[in-house]
Structure formats: structure tokens, C-alpha cells
Amino acid sequence: GSSRIGGSDDDGLEDIPEEAGDDNDVKRLRRKQSNRESARRSRLKKQAEADMLTRATSDLQGENNALRNALLSAHGLVARLAADKAALANQVVVLGGHVPTQLLWQLPRLSIPPITPP
């Protein structure tokens with residue numbers, strides 16, 4: 030018959046028949062089975078890590094896209110503000126350098142530093 034030699038029921042090792050031979054054969058069979066289990070655990074761990082990295086990559090790509098869209102929107106706003114500034118400067122020229130009193134409070138805000146597009 031086949032009875033279990035050593036190990037507990039939950040250690041994942043297969044039954045080793047009593048007729049397996051001497052102690053060296055039993056040790057060799059146990060080592061082979063232990064190596065198989067270790068390799069299986071290693072494969073599972075590696076797959077879990079790969080899955081985690083795939084999820085992280087996807088999350089980062091989504092965040093990158095959101096940031097890119099926000100940056101493009103900010104560039105559009107800066108372009109519109111620069112156009113408004115140019116239009117106001119043109120109006121000042123048309124008025125012969127005379128700035129109406131109601132626009133004086135806006136002048137400090139009209140200084141927009143230049144930016145370079147991505």
C-alpha cells in the first residue's frame with residue numbers, strides 16, 4: 030500500500046510510497062516535491078507582482094492623461110489672456126496713451142510672463 034512518510038497533511042507534499050526505497054530516495058523525492066511547490070509559489074508571486082504593476086501602469090497613464098488635459102487647458106487660458114492683454118494695449122495706443130481711470134486698476138494684472146508650449 031501507499032502510506033504517507035513524514036510531513037503534515039497541509040504541507041502540499043505528495044504521498045510518498047513506503048516502497049520508495051532507502052532514505053536517500055525518500056529525501057530526493059521530498060526535495061523534488063518541495064522544489065516544485067517552491068517554484069509554483071514563486072510563479073504565483075511573480076504573476077501577482079506583474080498584475081500589480083499592470084494596474085499601477087494603467088492608473089499612472091490615466092493620471093498622466095488628466096494632467097496633460099489640464100496643462101492644455103491652462104495653455105489655452107494663457108493664450109486667451111495674452112490676446113486680451115494685446116487688445117487692451119492696442120486700445121491704449123488708440124486712445125493716444127491715455128488709459129481710462131476704470132482700467133488703471135487692471136494694469137498690474139496684465140503682466141503675464143511668457144510660457145513655452147510643451
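Here the working numbering is used: the first residue of the sequence shown is 30, the next is one more, and so on. In this text, a Cβ means the ideal position worked out from N, Cα and C, and glycines have one as well.
{"Item": "Helix, strand or coil for G105, going by three-state DSSP, please let me know.", "Value": "helix"}
{"Item": "Could you give the distance in angstroms between the alpha-carbon of H127 and the alpha-carbon of K114?", "Value": "16 Å"}
{"Item": "Note down the Cα distance separating V123 from N94, rounded to an integer number of angstroms.", "Value": "43 Å"}
{"Item": "Distance, Cα to Cα, L58 vs T86?", "Value": "42 Å"}
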